[in-house]
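Residue numbers (the working numbering), protein chains in the order written: chain A, 24 to 402; chain B, 24 to 402; chain C, 16 to 314; chain D, 16 to 314.
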Amino acid sequence: MMMLEHEGKQLLASAGVPVPRGKVIHAGSRWVEDIASGVTAFPVAVKAQVRSGGRGKQGGVRQVKVADELPRVVKALLDTAFGGDKPDAVLIEPWLGIERESYLSVAVDGRAEGYVVMYSPRGGVDIEEGPPPARYAVGAPWNFRVHEMRRVLQDIEPDYQWREKVIALAQRLVRIAAMHDCSTIEINPLAKLSDGALMAADAKVVRDEWAHFRNAEIHGMREAEKQRADTLLRDSLDMQHMYVRLDGDIGLISGGAGMTMAAMDMIAEHGGRPACFLDCSPGPTSTRGYRPAFAMLDGDPQVKVILVSVFGGGTQMQRVANAMKEVMAERKSKKPVVFRLDGTNVDQVPGIFEQFGAHNHARLEEAVSAAVRLAGRAA
Amino acid sequence: MMMLEHEGKQLLASAGVPVPRGKVIHAGSRWVEDIASGVTAFPVAVKAQVRSGGRGKQGGVRQVKVADELPRVVKALLDTAFGGDKPDAVLIEPWLGIERESYLSVAVDGRAEGYVVMYSPRGGVDIEEGPPPARYAVGAPWNFRVHEMRRVLQDIEPDYQWREKVIALAQRLVRIAAMHDCSTIEINPLAKLSDGALMAADAKVVRDEWAHFRNAEIHGMREAEKQRADTLLRDSLDMQHMYVRLDGDIGLISGGAGMTMAAMDMIAEHGGRPACFLDCSPGPTSTRGYRPAFAMLDGDPQVKVILVSVFGGGTQMQRVANAMKEVMAERKSKKPVVFRLDGTNVDQVPGIFEQFGAHNHARLEEAVSAAVRLAGRAA
Amino acid sequence: MSILLDRTNRVLIQGATGQMGTFFVEDARKYGTKIVAGVSPGREGTTVGGDVPVFASVRTAREETGADSAIVFVPPAAVLGATIEAIEAGCRLVVATADELPVLDTIEIRAAARANGTAFVGPNSPGIISPGKAKLGFMPSFCYKEGNVGVISRSGSLSYEGSKRLTVAGIGQSTVIGIGGDPVKGTTAAEALELFHNDPETSAVLYLGEIGGSEEVFVAEYASRAGAKPVAALIVGQTAPPGKKMGHAAALIGSKAEGHQAKIAMLREAGVHIANGVGEVVSATRAALASHAKATAAA
Amino acid sequence: MSILLDRTNRVLIQGATGQMGTFFVEDARKYGTKIVAGVSPGREGTTVGGDVPVFASVRTAREETGADSAIVFVPPAAVLGATIEAIEAGCRLVVATADELPVLDTIEIRAAARANGTAFVGPNSPGIISPGKAKLGFMPSFCYKEGNVGVISRSGSLSYEGSKRLTVAGIGQSTVIGIGGDPVKGTTAAEALELFHNDPETSAVLYLGEIGGSEEVFVAEYASRAGAKPVAALIVGQTAPPGKKMGHAAALIGSKAEGHQAKIAMLREAGVHIANGVGEVVSATRAALASHAKATAAA
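What follows is the structure in C-alpha cells.
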C-alpha cells in the first residue's frame, strides 16, 4: 500500500531523516485561509499528493514565487486528475536550492532474500532512462553493513563526504523499512543542498499490508483504502477479495492469482476481454463470500457475462457449488454466468448444479469459449 | 527517559497492543468542557500522569462512577503532588472488568546481553513483595523464540490459552523495544478481561535517550525535559551535563560518573553532604562548558561551597585549568571554590592556577576535607 | 526418487487441532503421508485424526515420534514463531502454506532455515507433493500421477491445473513444489531447479511462473547452463496491466523486465520450451521431454 | 603477561583523522603502542601522526599492515558500522570508547563480536592499558605502572584515580580494563575476570564498581569459586539516591539488590576484600595480594 508523499515523509522524519518542512492542504479543507496563514517564505513547491507515478512529468509539481499566486495554483492542482484520480491533498514546501540530485531506495527483493539498497549518483524524473542504479543486496535487515555498501559505492560515487552521508541514510532506511514494515522506500531525488546537507526531496513509501496486525498505521491505511472504494467494491474487499479493474466485458470470478491470470490470458486468446481480476480465494468460500463479488459485477454496466473459474485444493468444490446455488437463487440480474469448477471433491458438483440447472464445464477452454461467445452476443 | 503512561500506551497501541481507549486531560487545558464532551460511559478510572513510581499506593488512581463527580476528581488529582511533582495530565479510561492481573515486562539487561522478558502470573501494585517473576533471557532482539518463552512459562502459568496470548505479546514487546529504542516496557497489571481478552491496563515505557539521532520522538522528549528544567539547569543540560539534585550543601562539579560518586561518598565520609551529582565530562571542557555549571550552583541558595574534582584522560587538565581561570574572573558569587584537578597534563595546572591565586589539591581527600570545612564554616 | 519429500518423511503438524490441521491429517494420510505427530501447546496428551499424538513442542514431538518434517497451520501472526521452532528443532523440511504473512517474517524464517540447513517451502504456497509417495499441502490428490517431470509453481491453483493437464495426458510428475506468490520465498525457483537437476528421476522441469519479480531470471540462468535438464515454462499475466498487484504480492509489473514479453523473450533465448497459455502446458512439456530423450540418446 | 593487549598488538585507528584520533596517535605511540594504520574512508592515501598510512577500509588496512586490533573514534551514530567492520574483518581486539551509544547498537556489536570470536571493549569506556606495554584508550599514562594486579572498572576517571593510587603505593598493574558504564558491555566483568584468572602474571584483581545493574553478581560468583584469585573491590554510590541515573546508564538503583549495601554484603560474603571509599583502594588491594601470597606459599 503506497503512502502519499507527505505521509511517507512524516514517517521518514520520525526516524530522523531530513525532509523539507512542508504544509499539507487537504482537498475540501478551507484551504484559502490555511494558505494565507501558513506560508510566508517564497518561492515554494506545490506538489499534488497522488498514489500514481509520473506526477512530475504530468505537471503535478509547480513552483510558486509570490503569495498571491498560491491559491490559484493549489486550486488548479486539486482539480486536476493524475493517473485517473484527483489528488487527496497538495503539499507546499520551500523550493529547495538543490545542487545535485541522486537516487536512493530500499526495497524487498527476492534475489536478495530480503532488502536491497539501490543508489544512483544521478536521480530525478528520468532515472529509468539512465544506467541501472548500483545494487547492494542486504538480505535480512540486520545484515546491513556500512563497509559493504561503501565497497559497492566506491567506484560510482567519487565525492566521499556525500558517499558517507548516503551510506548513513541507507542504513537508516533499512532500519525504518524493517521497523515499520515497508516493502519500498524510494527517495528520488535525494537532494544535495547548497550547504552540502542531504535532504529527501521526494519520498515513495510502500507498506506491507500483511503487517496490519502489528502496525496501527497500516491497519488504518487498509481501512481508508476500503473507505475510498465504492460500496459494492467495499463489500467485496471486506471478504478479502483481490480486485483489479480492467477494461473488458467478461466479469471473472476466480480463485488463486495464477489461475485468475491464466483465465484472463485465455479470454484474450479467445478474442474476449476480461472486465477484472477478481481473486476470491483468500475469503470464505461460502455464500457470504461470493455474494458481494456477484453484486459488484452484476452492478457494473461494463460487465456482460460472468465467468466463475475455481480450481480448489483446500477450497472444497461441493461448498463452492452450494454457495453458487444459493447466490443464483437470490440474484436479480439476468447476466449469464458460465461455470468451471475443478479440484477437491469436484465429483459432487454435478449433483448440486443439477438442482438449479447449471452446467459445469470440465475444461477451462470450454468455459472461456462459452463466456466469450455470450459476451459477443450481448454486445 | 520515562514516558508518561498515556504516551507509552499510545506507542504500544501503534504497534497493535490492546490498551484501553483513554482520554487525556492536560493540566491547564480547558478541562471542564473537555470532560463534559468526551466521557459518556461510567465508571471510569482517573489516573494521574506522573513519571515517579508508586502512584497507585499514593491515591493517584481514582474510580469515578457518575459524570457529576468527574470534574472534582480531575481537579483534585491535577492539584496533588506525587513524588514531588504535580501531574502533567490525567488519563481517563473506562473502568476495566479485570478477571485477573498478571505482570509482563521487557527490559535491557546486562546479564542477558540484551533484552530480558519477565512474567509473573500475579501482577499489580504489590509485585515487588511476591516471588520474583520468571525470566527469559532473550539477548539480541532477533533471538526471541516463542518456543523458548513457552518453556520458561510452562510450569508457572497453567492456563495455556492465556499463556499463548502472553507469549505473543512478549514477542510484540521485544520488537517494539528494539524498533523504538525502549530500554524498558513494563505492563503491570497486564489485565485479563472477563471475555478472556488481554489488555495493557498500565504501561511504563522508558526510552533510550542516546537514540535521539534516529528517533524524532526521543529527540522531542529530550527537548521537553530541558524545557521542564529551570533556566539555569537548562543551560547546564545544554552542555550535556548530567545533573541529579541532592539535599546537601557542597556543590560538586566533577568529571566522570564513577569519580563523581566516589567524591560524593568521600564527602559523606568526611561528615559533609553533597548538594548534587554534576558530571560535566560529556560536554566541552572549556569556559563555555563550565560557565553554566557554576552559574547554576552559584544561583542555588542551598550550595555553600563548590568542589571541582576532575581526573581527566582525554580531558586535558591545562584546558580545564584555563577554563577555571576565565570562569573565576567572570564570576560574581563569593562562594568559596575548592579545586582538585588530576590527569593528563596536570603538571601544567599549578602555573595556570598561580595566575589567579587558586590552589590545586593533590589528593581528593584534601580537597574534600577543605570543602567540608568551608561548608561547616559557612553554616 | 523425488525432491525434499518421499515415503520416508515423518511429518508433524503444527496447529494440528485447528480446522485446516484436522482436514489435512485425514486427506494427507489417505494419500500415504506418514503423519506421526501434532504440536499444539496446551493440547498435549490429546490426539488428532484418531490416533496421532499431540505434543506441546516440536522438540518433544521429534523426540517421541522421530518426526523430521513439519507443516504449519497457524494464523499469520504465529507463523514466524512456529516455523522457527520447527527449524531450530532440526526438522529437515518445513512447509508453511499461510498467505498474508508479513514479508519481514519470511525474511527471518528464510535466514533461520539457511542457518540450520532446513528446506523451507512457502509461504503463500499450496505446499509440496511427490505423487504416489506423500503430500504436504492442500493440493487435490487426483490431479497428480507419479512420473519424471518436476513442476515448480509460483501459484497454487495454477499448479493444480497444470499438473492435472499433465496427468490427463499421461505425463507423471516426480515432485510438484509450490514456491509461493510472495517476493521472498522459502525455496526459490533457483533452489528448486538445483534439486530437480540432482534428482535422477526427474527428466524435465515444468515452470509455472507469472509477471512481476525476478524469479524467471533464475530459470533462464539454469536453462542456459551446460548439461541442464530441459525446461518448459508458462508465464501467466500477459493481459495484466503494469503497476497493479495481481493478487500475489510479487505479481506486479514494476519495470519492463518484469513484464510478460520480456520474460518470455529471456526464457526463449535461454532455450526454454514456452507454453503460450495454459492450453499449451502439455505440448511444451512434451517438447522438453523429447529434447531430454534426444540428449540421453546422444550421450 | 597481561590480558588482550601487549607489545604484539598491531593497532589500526578508525576515524583516525579526527581530533581524538590525532591526539591518540601521538599519545599512544609515545607509550609504545604499535600504531600501524588509520582507516578513514575517502582519506585513503594520506597519513596521520606523520607516517601512519590511512586506508579506505579495515580489510585493506589489515592486508597492507598486518593490523590486528582496532580502536574506534567516530561519532555515536557511526560506531555500529565501524566496530562491526573491524570485527568482521577479523580484528582480535576492538575498542570503542564512545559514550552516548544506543544500547541496541551495543547489543548488535556484542553479538557480532561473539559470533566472530573478537574481544570487544566498551562502549562508554576509557579503553584498556597494559602498563609498560601498550595502551588503547585515553587514560593518563603516568597513573600506571607494570605489575601483577588486574584492574576492572565500570568508570573511566575512577580507574585513573584507583590505578594512580596503586602506582603511587608501589603496586603495579598487569592490565587495566574499562568495561564501561552502560548496561550491556562488550566485555563483562565476568569475562574480564576469566581472562585475569588465566593470566599467569596477574596475582589479584581490583574491581571498581558502582551501584545499579547486576555486574557485581559476576564478581561475587567468581570470588566464591574454588581456586579463584583474590579480589578487592570498591563500589561507589553509597550516597546515591534510588531511582536516579547517576551519569552512567547502568548506575541506577532499580531494586534493593542494586543498591550499595546489598552489593557490599554479597561481595563480602563471597570473600572479596572491600574498600570503603576510594581512600581504601590500596589497603584492600594489599590485603588481596597478601591472601594470594599466602595461598601460593601454602600450595
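In this text, a Cβ means the ideal position worked out from N, Cα and C, and glycines have one as well.
- Item | Per-residue contacts from A422 (chain A) into chain D (C-beta, under 9 Å) | A query on residue 422 (chain A) cannot be resolved here, the shown segment of chain A reaching from 24 to 402 and no further.
- Message: Please report whether the beta-carbon of S218 (chain D) lies at a distance below 8 Å from any beta-carbon of chain A.
- Response: Here residue 218 (chain D) refers to the residue found at position 203 when the fourth sequence is read from its first residue. It does not; no Cβ of chain A falls within 8 Å.
- With A265 (chain C) as the anchor, note down where its beta strand (DSSP E) starts and where it stops. On the third sequence, position 250 is the one that residue 265 (chain C) refers to. From DSSP, A265 (chain C) is part of no beta strand (DSSP E); its letter is neither H nor E.
- Could you check the C-alpha separation between R311 (chain A) and L114 (chain A) for me, to the nearest Å? Looking up residue 311 (chain A) in the first sequence gives position 288. Looking up residue 114 (chain A) in the first sequence gives position 91. R311 (chain A) and L114 (chain A): Cα-Cα distance of roughly 42 Å.
- Message: At the level of alpha carbons, what is the spacing between Q184 (chain B) and Q33 (chain B)?
- Response: Translated into positions along the second sequence, residue 184 (chain B) becomes position 161. Translated into positions along the second sequence, residue 33 (chain B) becomes position 10. Distance between the alpha carbons of Q184 (chain B) and Q33 (chain B): 26 Å.
- Thinking C-beta only, is V69 (chain C) closer than 8 Å to T48 (chain C)? The residue given as residue 48 (chain C) occupies position 33 in the third sequence. The residue given as residue 69 (chain C) occupies position 54 in the third sequence. In this structure, V69 (chain C) does not lie closer than 8 Å to T48 (chain C) by Cβ.
- Task: For I122 (chain D), return the contacting residues in chain B, with the cut-off set at a CB-CB distance below 9 Å.
- Result: Looking up residue 122 (chain D) in the fourth sequence gives position 107. V131, E136, G137, Y138, G162, A163, P164 and A201, listed in chain order.
- So, does the CB of S298 (chain D) fall closer than 8 Å to a CB anywhere in chain A? In the fourth sequence, residue 298 (chain D) corresponds to position 283, counting from 1. For S298 (chain D), the answer is no, since every Cβ of chain A falls outside 8 Å of its Cβ.
- Could you tell me whether any Cβ in chain B is nearer than 8 Å to the Cβ of I99 (chain C)? As a position in the third sequence, residue 99 (chain C) is number 84, starting the count at 1. Output row for I99 (chain C): interface = yes.
- Task: Compare the C-alpha of V62 (chain A) against each of A:I48, A:G399 and A:Q72 and name the closest.
- Result: The residue labelled residue 62 (chain A) in the question sits at position 39 within the first sequence. Nearest option by C-alpha distance: A:I48.
- Item | Contact check, V189 (chain A) vs L127 (chain A), beta carbons under 8 Å | One-based indexing of the first sequence puts residue 189 (chain A) at position 166. One-based indexing of the first sequence puts residue 127 (chain A) at position 104. In this structure, L127 (chain A) lies closer than 8 Å to V189 (chain A) by Cβ.
- Task: Identify every residue that forms a DSSP beta bridge with M265 (chain B).
- Result: Taking the second sequence and counting its residues from 1, one reaches residue 265 (chain B) at position 242. In DSSP, M265 (chain B) forms a bridge with B:D302.
- Message: Let me see if you follow: with CB-CB separation under 8 Å, is E388 (chain A) close to chain C or not?
- Response: If you number the first sequence from 1, residue 388 (chain A) lands on position 365. Yes, because at least one Cβ of chain C sits closer than 8 Å to the Cβ of E388 (chain A).
- Can you give me the start and stop residues for the alpha helix (DSSP H) that L297 (chain D) sits inside? Residue 297 (chain D) sits at position 282 when you count from the first residue of the fourth sequence. Per the sequence shown, residue 297 (chain D) should be read as Val rather than Leu. Note, V297 (chain D): alpha helix (DSSP H), V296 to A313.
- Applying a beta-carbon distance threshold of less than 9 Å, which residues of chain D neighbour R123 (chain A)? Counting from one through the first sequence, the residue named residue 123 (chain A) turns up at place 100. Chain D residues near R123 (chain A): none, gap ~17 Å exceeds 9 Å.
- Message: I need the straight-line Cα distance from N368 (chain A) to F135 (chain C), nearest angstrom please.
- Response: Numbered from its first residue, the first sequence carries residue 368 (chain A) at position 345. Numbered from its first residue, the third sequence carries residue 135 (chain C) at position 120. Spanning the two alpha carbons is a distance of roughly 29 Å.
- Task: Please look up how many angstroms separate the CB atoms of R237 (chain A) and G39 (chain B), rounded, as I've assumed it's under 8 Å.
- Result: To locate residue 237 (chain A), count along the first sequence from 1; it is residue 214. To locate residue 39 (chain B), count along the second sequence from 1; it is residue 16. At roughly 4 Å, the Cβ-Cβ gap stays under 8 Å, so R237 (chain A) and G39 (chain B) are in contact.
- Could you give the DSSP three-state label for T56 (chain C): helix, strand or coil? In the third sequence, the residue the question calls residue 56 (chain C) occupies position 41. Per the sequence shown, the amino acid found at residue 56 (chain C) is Pro instead of Thr. In the structure shown, P56 (chain C) sits in coil (DSSP, three-state: anything other than H, G, I, E or B).
- Query: Of all the residues that make up the stretch 299–313 of chain A, which are near chain C by a beta-carbon distance shorter than 8 Å?
  - Reply: Listed by position along the chain: F300, D302, S304 and P305.
- Run through the stretch 172–243 of chain A for me and flag every whole alpha helix (DSSP H) of 4 or more residues, listed as ranges in chain order. 183–202
- Query: Can you tell which of B:V140, B:V84 and B:D272 has its C-alpha closest to the C-alpha of A200 (chain B)?
  - Reply: Along the second sequence, one-based indexing puts residue 200 (chain B) at 177. Comparing Cα-Cα distances from A200 (chain B) to each of B:V140, B:V84 and B:D272, the minimum goes to B:V140.
- Status (buried if at least 16 other CB within 10 Å, exposed otherwise) for M284 (chain B): The residue you call residue 284 (chain B) lines up with position 261 of the second sequence. Buried, by the Cβ-count rule.
- Give, in chain order, every unbroken run of the beta strand (DSSP E) that is at least 3 residues long and sits entirely within the stretch 180–262 of chain D. 188–193, 219–225 and 246–251
- the stretch 219–234 of chain B: positions lying closer than 7 Å to chain D by Cβ: Hits within the stretch, in order: D231, W233 and A234.
- To the nearest angstrom, how far is it from the Cα of L256 (chain A) to the Cα of V161 (chain A)? Position 233 of the first sequence, counted from the start, is the residue given in the question as residue 256 (chain A). Position 138 of the first sequence, counted from the start, is the residue given in the question as residue 161 (chain A). Rounded to the nearest angstrom, the two C-alpha atoms are 38 Å apart.
- Query: Which whole-angstrom value is the C-beta distance of A104 (chain D) and V73 (chain D), which I expect to be below 8 Å?
  - Reply: What you label residue 104 (chain D) is simply residue 89 of the fourth sequence in a count that begins at 1. What you label residue 73 (chain D) is simply residue 58 of the fourth sequence in a count that begins at 1. Here A104 (chain D) really is in contact with V73 (chain D); their C-beta atoms are around 4 Å apart, less than 8 Å.
- Check whether the Cβ of P256 (chain D) lies closer than 8 Å to any Cβ atom in chain A. On the fourth sequence, position 241 is the one that residue 256 (chain D) refers to. So no, P256 (chain D) is outside the interface.
- Do H263 (chain D) and G196 (chain D) have their CB atoms nearer than 8 Å? Within the fourth sequence, the letter at position 248 stands for residue 263 (chain D). Within the fourth sequence, the letter at position 181 stands for residue 196 (chain D). Their beta carbons are under 8 Å apart, which means H263 (chain D) touches G196 (chain D) by this criterion.
- For D283 (chain C), collect the residues of the same chain with a Cβ closer than 6 Å to its Cβ; drop the 5 residues on either side in sequence, then sort them by chain order. Reading the third sequence from its first residue, position 268 is the one you call residue 283 (chain C). What sits at residue 283 (chain C) in the sequence shown is Arg, not Asp. If we look at R283 (chain C) and ignore the five residues flanking it on each side, its Cβ neighbours are I289.
- Straight-line CA distance for L397 (chain A) to L223 (chain C)? As a working mapping, residue 397 (chain A) is identified with position 374 in the first sequence. As a working mapping, residue 223 (chain C) is identified with position 208 in the third sequence. About 30 Å.
- Sequence ranges, beta strand (DSSP E) only - wholly within the stretch 80–134 of chain B, length at least 3: 84–87, 112–117 and 121–132
- Item | Chain-ordered chain D contacts of L269 (chain B) [CB-CB under 8 Å] | Position 246 of the second sequence, counted from the start, is the residue given in the question as residue 269 (chain B). Ordered by position in chain D, the residues that pass the 8 Å Cβ test against L269 (chain B) are T254 and P256.
- Task: Please go through the same chain and pick out, in chain order, the residues whose beta-carbon is closer than 6 Å to the beta-carbon of A280 (chain A), but skip the five residues on each side of it.
- Result: Taking the first residue of the first sequence as 1, we reach residue 280 (chain A) at position 257. Same-chain partners within the cutoff: D302.
- Query: Which same chain residues, not among the five before or five after K381 (chain C), have their C-beta less than 6 Å away from its C-beta?
  - Reply: Only positions 16 to 314 of chain C appear in the structure, and residue 381 (chain C) is not among them; the question remains open.
- Query: Using 8 Å as the limit for Cβ to Cβ distance, is P56 (chain D) near chain A?
  - Reply: Start at 1 with the first residue of the fourth sequence, and residue 56 (chain D) comes out as number 41. Chain A places a beta carbon closer than 8 Å to that of P56 (chain D), counting this residue as a contact.
- Apart from the five residues just before and just after P144 (chain A), which ones in its own chain have a Cβ nearer than 7 Å to its Cβ? For the purposes of this step, residue 144 (chain A) is taken as residue 121 along the first sequence, with counting starting at 1. Excluding residues within five positions, the ones whose Cβ falls inside 7 Å are S125, I179 and E180.
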